[in-house]
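The numbers in the UniProt record's numbering rise by one with no breaks, and the one at position 192 of the sequence shown is 192. In this text, a Cβ means the ideal position worked out from N, Cα and C, and glycines have one as well. Structure record follows, encoded as structure tokens.
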Amino acid sequence: MQPVKTKKKLSRSDKKQIEAAIARANRTDKKGKSAQDSIPYERMWPDGICRISDSHYTKTIQFQDINYQLSQNEDKTAIFEGWCDFLNYFDSSIHFQLSFLNLAASEETFANSISIPPQRDAFDSIREEYTTMLQNQLARGNNGLIKTKYLTFGIDADSIKAAKPRLERIETDILNNFKRLGVAARTLDGKERLSQLHAVFHMDEQLPFQFEWDWLAPSGLSTKDFIAPSSFEFRTGKQFRMGKKYGTVSFLQILAPELNDRLLADFLDMESSLIVSMHIQSVDQVKAIKTVKRKITDLDRSKIEEQKKAVRAGYDMDIIPSDLATYGSEAKKLLQDLQSRNERMFLLTFLVLNTADNPRQLGNNIFQAGSIAQKYNCQLTRLDFQQEEGLMSCLPLGLNQIEIQRGLTTSSTAIFVPFTTQELFQNGKEALYYGINALSNNLIMVDRKLLKNSNGLILGTPGSGKSFSAKREIANCFLLTSDDVIICDPEAEYAPLVERLHGQVIKISPTSTNYINPMDLNLDYSDDESPLSLKSDFILSLCELIVGGKEGLQPVQKTIIDRCVRLVYQTYLNDPRPENMPILEDLYNLLREQEEKEAQYIATALEIYVTGSLNVFNHQSNVDINNRIVCYDIKELGKQLKKIGMLVVQDQVWNRVTINRAAHKSTRYYIDEMHLLLKEEQTAAYTVEIWKRFRKWGGIPTGITQNVKDLLSSREVENIFENSDFVYMLNQAGGDRQILAKQLGISTHQLSYVTHSGEGEGLLFYGSTILPFVDHFPKNTELYRIMTTKPQELKKEDE
């Protein structure tokens, strides 16, 4: 065997694993009747096209869930009708299969997605505590199963060359049809399809799939050698063994006169590994109508025969067998549906594959599945002596080897709606925890950076858990990512968390010795304007708050300030050392030197902030604002200083974001009691600017407020709502609920999750997804103690 060549440089352990995989495949390949012989496809191409037989080719699309069970009746009807239109797209030349795979994930898979790796620093104990909390939350849900949904479609063609353009056209149409339904979908390539088959065949071992296309030629193996299990055993005819796993395939006998849209959902809610497969073949409309008409003719002929018998026997000719009358009326209704109600005819094979580690557990799983079928007046029947064909028909290959089909119309087929509850569980390295899905009990793990616009809002009435939710995200972000965090804290409640994370709490007040220089200039302050121009705009805003009345600064005053700003920075620009940075007093002295009387007026207005009792902003910065986590505590700023303090904090944040942008680092900015910023025109305008421009600079702002109405106080401020793709809604007041429903398109049923809801319960709006969540953080943890803001708990802590 030739050594394996790979495109990328591999470590020694990687090479050993690859050689072992090929050796294992080689061993299996030499057997007379091998497991590979049972796998029913001929060839897989890298682009995802699979040849099942000489003339049949298939492709597979993976699609995501949408909220169907949570929707109101009118929304359910809209989804159902959209799904009917989706099914009607398929003509008789396209065979398609819906596959639902609920496969047990290895503990390692989930552990990797939720664990926070230790960094050997002072925070590893908190990382371990947070990871333990996530593992406990995970155990409450059914995240032990990875649930995936696929649509496989196939056509007959003479060659791959003829099949490819047709498959690509159908693929584009299907993806567009999914898009109309609001369903995210993507096509699997060849390696992904093989990985999917490998996962089914190796349920017992949960081995990672190791395969590259360029391994095939030097090893002399086929793709089947890399996915085949160690063995198949179909000896008994009633069940089979695949490796160490036991399984049984059954088919669903649809006996009920009316079907329920919960049937498929209940199968998929089972907490054991299973595969549900629906093979659907559209019948040519002309042939379907002809068949039904022929059936009606046969029934009419039978009816006439029965009537003749009745006359001969001497009783009323209207008395005919009840079955005959029923069949006749049903056939006529079916013909009417096909001819005038946009219905098509489909042939459906519904298969359920149950698996378990031992025969006893398998029997329990089959019994549970059978009970679900029975509940809806259907019957789950084991495929005796067809277990191999049944297993292969459950694979998402688009091949149906079971000739048990039930004829159904479009609406009867569509009742098996493949949507239940949307999940938000991302496996990214920076996915953070936001609670548990209230419908499925699964973890909600998302990365805001993956949104088109990562700006966010946390909204809720007092006591609903707003600040706690923000602190939990800050802690999670600090422990998992390298992002910087800045907090504007008007109520002085973030200090315990920030101090535990070795951050800097900057207390800004007239009596504090913490100083921030509002004149600090970062030479990278702007990329599209000179830094001095943007700084001049900030100082103009500052002077407007200090000097301006209702009219604001006059043009002459603005000119004088702009002139002095340019002069005051000359020394620093010529020699940019920290000691050359000007302070407010330097600007004040320059204004005093100007000849215009307007300059004297501005200087006099500034005097109280330079030499008077409000001189807190007339000092060089003496705090570590380069710490990874910085909290500006502005609680003790009086009325005169609060507006200026908020504006200065905003400017500091902008400084930090520009520095981090050059270092390709994200900056998260949390603004608690955000409604205070929106009441002043200057600070409101600056906040809106942050929401508009931050994303481009790597900033992720989060506003925390109880007053949703303040977000609609002006058309400009409304931009904050429109530019936020992440909204974490806790309990809401009556008027605010209606505003949110209108702004975010929330249904009345969904609103119930933010109506009189408990602490840490509500709705998450992420991109276009809306999910109800529950977040009950364990109280017996260090993190809870440093994050809580409940007075009684803080008092107990002090004691």
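| said: Can you tell me whether Y150 is helix, strand or coil according to DSSP? | reply: In this structure, Y150 counts as strand in the three-state DSSP scheme.
| So what's F178 in DSSP terms, helix, strand or just coil? | helix
| query | Are the Cβ atoms of Y57 and G144 separated by less than 9 Å? | reply | no
| request: Report buried or exposed for I608, applying the criterion of at least 16 other Cβ atoms within 10 angstroms of its Cβ. | output: exposed
| query | In whole angstroms, what separates the C-alpha of G32 from that of S38? | reply | With a pLDDT of 48 at G32, under the threshold of 50, the modelled position of that residue is not reliable, and the figure given next carries that caveat. Each residue's Cα considered, the two are about 12 Å apart.
| query | Looking at the structure shown, is N358 part of a helix, part of a strand, or coil, going by DSSP? | reply | coil
| Identity of the residue in E430, T236, S464 nearest Q387 by Cα | T236
| Among L521, Q750, I126, N400, which residue has its Cα nearest to the Cα of H95? | The residue with the shortest Cα to Cα distance from H95 is N400.
| task | Taking 8 Å as the threshold, find out whether the region 267 to 276 comes into contact with the region 350 to 359 through three or more Cβ pairs. | result | yes
| task | Could you check which residue in D225, W83, D575, Q600 has the C-alpha nearest to that of H202? | result | Closest option to H202, Cα to Cα, is D225.
| message | Check this for me: beta carbons of N655 and G503, under 9 Å apart or not? | response | no
| Beta-carbon spacing of R619, N522 below 9 Å | For the record, residue 619 in the displayed sequence is His; it is not Arg. No; because the gap between Cβ atoms is not below 9 Å, this pair is not in contact.
| request: Enumerate in chain order the residues of its own chain whose CB-to-CB distance from T6 is below 7 Å, with the five nearest sequence positions on each side excluded. | output: Here T6 scores only 47 on pLDDT, less than 50, and its place in the model should not be relied on; the value that follows carries that caveat. Once the five neighbours on either side are set aside, the close Cβ partners of T6 are E212, D214.
| task | Look up G32 in the DSSP assignment and say whether it is helix, strand or coil. | result | The predicted position of G32 is uncertain, since its pLDDT is 48 and thus under 50; a value taken from the coordinates is nonetheless stated next. G32 falls in the coil class under three-state DSSP.
| Where Y57 falls: helix, strand or coil (DSSP) | strand
| said: Just list the residues that DSSP pairs D484 with in beta bridges. | reply: T667
| task | Could you tell me whether the region 703 to 710 touches the region 650 to 668, using the rule of 3 or more Cβ pairs below 8 Å? | result | no
| query | Can you give the beta carbon distance from G460 to M729, rounded, assuming they're within the 8 Å contact cut? | reply | Yes, they are in contact, since the Cβ atoms of G460 and M729 sit about 7 Å apart, within 8 Å.
| When the Cα of I79 is compared with those of Y41, N67, T409, which residue comes out closest? | N67
| Neighbourhood of I634 by C-beta, 6 Å cutoff - its chain only, sequence neighbours within 5 removed | P490, I508, G645
| message | Tell me which residues share the same chain as E19 and place their Cβ nearer than 6 Å to its Cβ, disregarding the 5 neighbours each side in the sequence. | response | none
| What span of residues does the beta strand (DSSP E) with L274 cover, start to end? | 274 to 283
| message | Please report the straight-line C-alpha distance between I280 and E343, rounded to a whole angstrom. | response | Linking I280 to E343 through their CA atoms gives a straight-line distance of about 15 Å.
| query | What is the DSSP secondary structure of G745, reduced to helix, strand or coil? | reply | The DSSP-derived three-state label of G745 is coil.
| message | Between which residues of its own chain and F777 is the CB-CB distance below 6 Å, once the five residues before and five after are set aside? | response | Y784
| task | Just mark N136 as buried or exposed, buried being the case when its beta carbon has 16 or more other beta carbons within 10 Å. | result | exposed
| request: Report, in whole angstroms, the separation of the C-beta atoms of T409 and F251, which I expect to be a contact under 8 Å. | output: Going by Cβ atoms, the distance from T409 to F251 rounds to 20 Å, so no, they are not a contact pair.
| field | Cβ shell of C543 (< 6 Å), same chain only, five flanking positions each side left out | value | I561
| query | Which full runs of the alpha helix (DSSP H) of 4+ residues lie inside the region 167 to 236, going along the chain? | reply | 190 to 201, 216 to 219, 223 to 227
| query | Excluding sequence positions up to five away, which residues of its chain have a Cβ less than 6 Å from the Cβ of V649? | reply | Residues C488, Y632 of the same chain have their beta carbon placed closer than 6 Å to that of V649, with the five preceding and five following residues left out of the count.
| Looking only at C-alpha atoms, which of L87, I700, I126 sits nearest to N780? | I126
| Less than 9 Å separating the beta-carbons of L532 and Y494? | no
| query | When DSSP labels each residue in this structure, what does Q738 get in the three-state scheme? | reply | When DSSP states are grouped into helix, strand and coil, Q738 belongs to the helix group.
| query | So S393 is in the alpha helix (DSSP H); what residue range does that whole segment cover? | reply | Start and end: 387 to 394.
| R382, enclosing beta strand (DSSP E) - first and last residue | 379 to 382
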